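> I am attaching a structure below and will ask some questions about it afterwards.
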Amino acid sequence: MTPAWDLVVETHGLRKRYGERTVVDALDLRIPGGVIAGFLGPNGAGKTTTLRMLLGLARPSSGDGTVLGSPLSKPSAYLPKVGALIESPAFYPGLSGERNLRVQAALAGIPAKRIPAVLDRVGLADRGGDRYKTYSLGMKQRLGIAAALLGQPELLILDEPTNGLDPAGIRAMRELLQSLAADGPTVLVSSHLLGEVQQMCDWLVVVERGRCRYQGVTSDLLASARPELVLRAESAEALGSLAQVIGHRGLNVECGSDRVRVGVEPGTAIDSLAAQLNRAAYEHGITLVEMSVHRADLESRYLQLVEEGAA
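Using the numbering used here, the letters of the sequence shown map in sequence onto residues 5 to 315.
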């Protein structure tokens, strides 16, 4: 477990109810400093409500916690050190990006001298003088992040920053967040793009129906699933024989229409097992045309966690 003094977000039994409906249910969060933390869950799982409670926009029904060492009950103590982009950024369409940031800075009591630096950091240095209404969706999202960076935050909270972006915009956003976390704030990002989360997040929180299903290192979640050896023979007849040969070795075998999948137990040396099966196939006159290792990706592990939670 991460030591408490390294945690930028920590909650205990956090709960939020709206009438008879419980949206967040006894949520215990631990977000260590210096990471990009992915916050995952189906629609209605309580992600946005949780972020709103962390930002003082919603009051918990029960439970407590801290953000940057200060209690949730006193958001004014930590909010000056937090930057956030929740849902779509709101700016004046007729003003330039730079003028919009001046308005944001004035409202927050932040010196305007920070504006050129944050525009440059999000890749808008050459478009700061253009009107906001001429910006693409990706540029609007980046300007929202620029506004969140004005106060030089220690924690950056982003709710679906890639929503609606094209593939190039998604990649640009990923690279921006990685560069920010490398030498700046801890980043907590909510997203449905699991492939992107797997690439950029080193810490994960998965919630379902307001409850935590997993939190920890991304690689640990992926490693907890058994890899598979996938074998393909030169014919359907040979494939059936291959399945029998492997099955007689006491391995977990699943024979499909064109491939044999072999479950690999934890701790097994995959290269050694693959060599053994290749030799066994050859000894029985079976020619393999494919042998590959399939490892679980974040999508499959996430869906498994959500299905288990729903059950």
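Note that the Cβ used here is the ideal one computed from N, Cα and C, for glycine as well. In this text the structure is predicted, and so the values were computed from the model without any measurement.
Can you confirm whether the stretch 187-197 touches the stretch 300-315 when touching is taken to mean that 3 or more C-beta pairs between the two stretches lie within less than 8 Å?
The stretch 300-315 is not in contact with the stretch 187-197.
> Whole angstroms is fine: what's the gap from Val234's alpha carbon to Val27's?
Cα to Cα, the separation comes out at about 42 Å.
> Beta-carbon separation of Leu154 and Ile114 under 7 Å?
Result yes, Cβ atoms of Leu154 and Ile114 sit closer than 7 Å.
> Given a cut-off of 7 Å on the beta-carbon distance, is the pair Val13 and Ile40 in contact?
No; because the gap between Cβ atoms is not below 7 Å, this pair is not in contact.
> For His288, tell me which candidate among Cys259, Leu160, Gln248 has the shortest Cα-Cα distance.
His288 has its Cα closest to that of Gln248, out of Cys259, Leu160, Gln248.
> Could you pull out every residue in the same chain whose Cβ sits closer than 8 Å to the Cβ of Gly17, ignoring the five residues on either side in sequence?
Once the five neighbours on either side are set aside, the close Cβ partners of Gly17 are Ala30, Leu31, Asp32, Ser66, Gly67, Asp68.
> Determine the extent of the beta strand (DSSP E) in which Thr26 is found, giving its start and end residues.
Its beta strand (DSSP E) spans residues 25-31.
> Opposite Ser74 in the DSSP bridges: which residues?
Partner(s): Val71.
> Does DSSP classify Gln156 as helix, strand or coil?
Gln156 falls in the coil class under three-state DSSP.
> So the alpha helix (DSSP H) Lys137 belongs to, where does it begin and stop?
Unbroken run through Lys137: none, as it is neither H nor E.
> How would you write the range of the alpha helix (DSSP H) that Ala200 sits in, first residue to last?
It is Glu, not Ala, that sits at residue 200 in the sequence shown. Residues 198-204.
> Look at Pro165 and Lys85 and say whether their C-beta atoms are less than 7 Å apart.
No. Outside cutoff.
> Output needed for Gly37: all residues of its chain with C-beta closer than 6 Å, excluding positions within five of it in sequence on either side, in chain order.
Within the same chain, Gly37 has close Cβ partners Asp10, Val12, Thr190.
> Would you kindly check if the distance between the Cβ of Pro75 and the Cβ of Lys20 is under 7 Å?
Not a contact, by the Cβ cut-off of 7 Å.
> Could you pull out every unbroken alpha helix (DSSP H) segment of at least 4 residues lying fully inside the stretch 181-266, listed in chain order?
Fully enclosed alpha helix (DSSP H) runs of 4 or longer: 198-204, 222-227, 240-251.
> Under a three-way DSSP split, which group does Ala316 fall into?
Examination of residue 316 is not possible in this model, given that the chain is present from 5 through 315 alone.
> Would you tell me roughly how many angstroms separate the C-alpha atoms of Asn104 and Phe95, rounded to the nearest one?
When rounded, the distance between both Cα atoms is 6 Å.
> Exposed or buried, Arg146, counting other C-beta atoms within 10 Å across all chains shown (16 or more means buried)?
Arg146 should be labelled buried.
> Please look up how many angstroms separate the CB atoms of Leu225 and Arg118, rounded, as I've assumed it's under 8 Å.
Going by Cβ atoms, the distance from Leu225 to Arg118 rounds to 37 Å, so no, they are not a contact pair.
> With DSSP as the reference, label Thr291 as helix, strand or coil.
Coil, per DSSP.
> Taking Cβ positions, are Gly87 and Leu128 nearer each other than 7 Å?
In this structure, Leu128 does not lie closer than 7 Å to Gly87 by Cβ.
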